[in-house]
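If you read the sequences in order, they're chains A and B. Mapping the first sequence onto my numbering, position 180 (from 1) lands on 325, and the numbers just tick up by one. Mapping the second sequence onto my numbering, position 147 (from 1) lands on 292, and the numbers just tick up by one. Even for Gly, the Cβ is constructed at its ideal location relative to N, Cα and C. Predicted model only: the values in this text are computed from it and were never measured. One structure below.
2 protein chains.
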Amino acid sequence: MLSFTEENYLKALFQLTLEDGYKKEAGTNEMALQLGLKPATVNDMLKKLKEKKLIHYERYGKSSLTKEGKKIAVDIVRKHRLWETFLFEKLGFSWDEVHEVAEQLEHIQSKKLIDKLDQYLNYPAIDPHGDSIPNAKGEIITLSKKTLLEEEVGHQCKVVGVKDNSTTFLKYADRIGLSLNQSIKVKAKQEYDDLIEIEVNGKRSSISPKFAENIIIVCNDCGKR
Amino acid sequence: MLSFTEENYLKALFQLTLEDGYKKEAGTNEMALQLGLKPATVNDMLKKLKEKKLIHYERYGKSSLTKEGKKIAVDIVRKHRLWETFLFEKLGFSWDEVHEVAEQLEHIQSKKLIDKLDQYLNYPAIDPHGDSIPNAKGEIITLSKKTLLEEEVGHQCKVVGVKDNSTTFLKYADRIGLSLNQSIKVKAKQEYDDLIEIEVNGKRSSISPKFAENIIIVCNDCGKR
DNA sequence: TATAAAAGTTAGACTAGTCTAACAAATATT
DNA sequence: AATATTTGTTAGACTAGTCTAACTTTTATA
């Protein structure tokens with residue numbers, strides 16, 4: 146059983162390396178920054194985690210997760226995102242409030258709890274920020290996530306998140322009927338002024354590229370899942 | 146902000162002193178037993194908590210909670226019992242599984258979370274073990290809790306807990322339609338063989354004193370709340 | 001009431017996790 | 001290639017929480 150602290154290091158390493166996929170190793174300073182700690186502190190822990198075979202690490206080298214370490218990290222991410230979904234969907238938290246509380250909840254140790262929560266939420270694939278939730282086996286189904294701006298004309302899609310959390314933005318979204326999990330159909334794109342014509346719940350609206358860029362969606366008609 | 150550890154000491158002291166109400170102070174050894182720690186360890190913490198004005202403590206004396214300490218302890222108990230209720234009612238945990246997980250969840254720090262959870266559960270007054278849940282103001286409404294054996298003939302009551310958790314017992318309870326929150330009416334008590342005649346959901350059953358003694362109820366007709 | 005038993009305390013040690021300050025290695029830049 | 005900069009490491013110190021072993025005070029009892 147790992148401590149909260151150890152779990153946080155694994156999660157940080159996961160996010161720095163595998164999560165965004167553009168590289169597979171992270172440096173000590175980089176991790177310290179991510180965790181809000183000093184490099185010296187991180188250094189000690191890296192040795193400890195290597196000892197436990199959870200990370201690959203060599204003196205003066207970069208670090209990466211072992212298979213075992215990755216498994217644990219993915220599990221923490223799964224818990225984090227399931228809790229976020231619970232807070233948002235069931236308790237009515239707003240998109241920007243869920244993260245902080247989920248940071249605490251993700252460390253609760255009970256396989257049964259998380260499995261029941263998953264079931265209770267009806268096995269969600271996406272959290273309120275539009276990020277994929279790993280399933281019970283630790284598999285992460287990568288969705289063809291993109292902004293509404295990038296969606297093709299004629300395609301149907303679903304809102305899975307937003308990039309802007311300002312009141313102005315959210316109020317605007319609300320006015321045209323956009324909320325999490327809302328289905329949208331892209332009807333047309335005007336070449337003249339770049340406005341995008343969408344249909345939400347049978348209601349048509351025209352939105353600016355700037356607005357569309359801040360809506361994160363999953364396409365129902367592109368890469369099926 | 147208190148640490149998990151400090152919170153646990155306050156909770157233990159609350160349970161040893163105020164909870165059952167038969168005394169108002171607890172000794173160092175007694176607390177050590179409750180917490181599963183050594184008296185020496187507890188001793189150190191008592192000094193620390195006294196320093197923080199959360200408990201009353203004098204060298205070689207017994208300890209008790211200050212007003213401030215009690216407030217915090219009650220809040221932890223509130224969280225614990227709300228989580229137990231959530232686990233039982235929403236996630237389908239059994240009565241004896243909830244405690245362990247709630248021990249962890251009770252330390253999550255977020256006023257908003259607990260208030261929303263309370264609302265989501267519709268402001269429950271009793272947890273799955275039949276214990277009172279303090280409200281948001283820290284008030285504990287003491288219910289006229291007793292066993293079904295003690296209930297008066299003609300009175301209507303509600304199941305709030307059980308004392309026995311054996312499969313035999315629970316199966317029997319299930320057979321006559323008894324479950325948590327179930328309403329019961331006591332129809333008669335046989336003088337001859339002490340059997341108690343009850344009505345559950347319009348269905349009549351006769352139960353033994355031994356069985357009745359293990360059902361915890363709140364009377365609807367005695368002390369109103 | 002003297003003494004044995006129980007309860008409580010103190011001192012010193014250990015672990016986990018953090019820090020600062022000084023140092024070493026690797027990388028980038030002239 | 002020499003040197004400056006960045007990155008990473010080590011050593012030593014500190015805090016919180018725990019322990020054991022030895023000691024002291026209180027309480028119970030013979």
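- Query: From A:363, A:342 and A:284, pick the residue whose C-alpha is nearest to that of residue 218 of chain A; which is it?
  - Reply: Stepping through the first sequence from its first residue, residue 218 of chain A is reached at position 73. Measuring from the Cα of residue 218 of chain A, the nearest candidate turns out to be A:284.
- Query: Beta-carbon of residue 278 of chain B versus every beta-carbon of chain A: anything under 9 Å?
  - Reply: Locating residue 278 of chain B in the second sequence gives position 133, counting from the first residue. By the rule that beta-carbons nearer than 9 Å mark a contact, residue 278 of chain B does not touch chain A.
- Roughly how many angstroms lie between the CA atoms of residue 177 of chain B and residue 149 of chain B, to the nearest whole one? Position 32 of the second sequence, counted from the first residue, corresponds to residue 177 of chain B. Position 4 of the second sequence, counted from the first residue, corresponds to residue 149 of chain B. Cα to Cα, residue 177 of chain B sits roughly 16 Å from residue 149 of chain B.
- Task: Kindly indicate which three-state DSSP category residue 226 of chain B falls into: helix, strand or coil?
- Result: Taking the first residue of the second sequence as 1, we reach residue 226 of chain B at position 81. Residue state for residue 226 of chain B is assigned as helix, using DSSP reduced to three classes.
- Item | Uninterrupted alpha helix (DSSP H) stretches inside the region 327-369 of chain A (no shorter than 4 residues) | Here the runs fully enclosed are 354-357.
- Item | Any non-hydrogen atom of the ligand COA within 8 Å of residue 356 of chain B CB | Inclusion of the ligand COA in the displayed structure is not the case, the ligand content being empty and no account of it being possible.
- Drop a sphere of 10 angstroms on the beta-carbon of residue 190 of chain B, count the other beta-carbons inside from all chains shown, and report buried for 16 or more, exposed for fewer. Taking the second sequence and counting its residues from 1, the one referred to as residue 190 of chain B is at position 45. Label assigned to residue 190 of chain B: buried.
- Query: What residue does the alpha helix (DSSP H) around residue 249 of chain A start on, and which one ends it?
  - Reply: The residue labelled residue 249 of chain A in the question sits at position 104 within the first sequence. In this chain, the alpha helix (DSSP H) harbouring residue 249 of chain A covers 243-250.
- Beta-bridge partners of residue 305 of chain A, as assigned by DSSP: Numbered from its first residue, the first sequence carries residue 305 of chain A at position 160. Answer is none; residue 305 of chain A lacks a bridge partner.
- Item | Sequence-distant residues of its chain with Cβ nearer than 7 Å to residue 366 of chain B (five each side left out) | By 1-based counting over the second sequence, the position of residue 366 of chain B is 221. Correct list, in chain order: 300 and 301.
- Task: For residue 301 of chain A, decide whether its Cβ has a neighbour in chain B, counting only Cβ atoms nearer than 9 Å.
- Result: Within the first sequence, residue 301 of chain A is the residue found at index 156, counting from 1. Not an interface residue.
- Checking contacts by CB at 9 Å: is residue 217 of chain A closer than that to chain B? Position 72 of the first sequence, counted from the start, is the residue given in the question as residue 217 of chain A. No, its Cβ sits nowhere closer than 9 Å to a Cβ of chain B.
- Enumerate in chain order the residues of its own chain whose CB-to-CB distance from residue 184 of chain B is below 7 Å, with the five nearest sequence positions on each side excluded. Residue 184 of chain B sits at position 39 when you count from the first residue of the second sequence. So the list reads 173, 174 and 177, once near-sequence residues are dropped.
- Between the region 249-266 of chain B and the region 315-328 of chain B, do at least 3 Cβ pairs fall closer than 8 Å? No, the region 249-266 of chain B is not in contact with the region 315-328 of chain B.
- Is the beta carbon of residue 307 of chain A less than 9 Å from the beta carbon of residue 322 of chain A? Translated into the one-based positions of the first sequence, residue 307 of chain A becomes position 162. Translated into the one-based positions of the first sequence, residue 322 of chain A becomes position 177. The answer is no: Cβ separation not under 9 Å.
- On a CA-only basis, which of B:232, B:216 and B:289 is nearest residue 265 of chain B? Give me that one, please. Locating residue 265 of chain B in the second sequence gives position 120, counting from the first residue. Sorting B:232, B:216 and B:289 by C-alpha distance to the C-alpha of residue 265 of chain B places B:232 at the top.
- Message: According to DSSP, simplified to helix, strand and coil, what is residue 161 of chain B?
- Response: Here residue 161 of chain B refers to the residue found at position 16 when the second sequence is read from its first residue. Here residue 161 of chain B sits in helix by DSSP.
- Query: Terminal residues of the continuous beta strand (DSSP E) containing residue 292 of chain A?
  - Reply: Start at 1 with the first residue of the first sequence, and residue 292 of chain A comes out as number 147. For residue 292 of chain A, the enclosing beta strand (DSSP E) starts and ends at 290-292.
- Query: Given that residue 156 of chain B touches chain A, what residues does it touch there, using C-beta distances under 9 Å?
  - Reply: Locating residue 156 of chain B in the second sequence gives position 11, where the first residue counts as 1. Near residue 156 of chain B there are no residues of chain A at all, since even the closest Cβ is about 17 Å away, more than 9 Å.
- Which term fits residue 156 of chain A, buried or exposed, when burial requires 16 or more other beta carbons within 10 angstroms of its beta carbon? Taking the first residue of the first sequence as position 1, residue 156 of chain A is located at position 11. Buried, since its Cβ has 16 or more Cβ neighbours within 10 Å.
- Pick helix, strand or coil for residue 97 of chain B, following the three-state DSSP scheme. With chain B covering 146 to 370 only, the question about residue 97 of chain B has no answer from this structure.
- For residue 373 of chain B, the residue or residues it bridges with in DSSP: Missing from the structure shown is residue 373 of chain B; chain B here goes from 146 to 370 and no further.
- Item | Listed by chain order, chain B residues near residue 179 of chain A by CB distance under 9 Å | Here residue 179 of chain A is taken as the residue at index 34 of the first sequence, counted from 1. Residue 179 of chain A does not reach chain B, its nearest Cβ partner there being about 22 Å away, counting only Cβ pairs nearer than 9 Å.
- Query: Closest by CA to residue 158 of chain A, which one among A:289, A:349, A:318 and A:208?
  - Reply: Start at 1 with the first residue of the first sequence, and residue 158 of chain A comes out as number 13. Of the candidates A:289, A:349, A:318 and A:208, A:208 places its Cα closest to the Cα of residue 158 of chain A.
- Item | Residue burial classification, residue 202 of chain A (beta-carbon count within 10 angstroms, cutoff 16) | For the purposes of this step, residue 202 of chain A is taken as the residue at position 57 of the first sequence. Of the other Cβ atoms in all chains shown, 16 or more fall within 10 Å of the Cβ of residue 202 of chain A; this residue is therefore buried.
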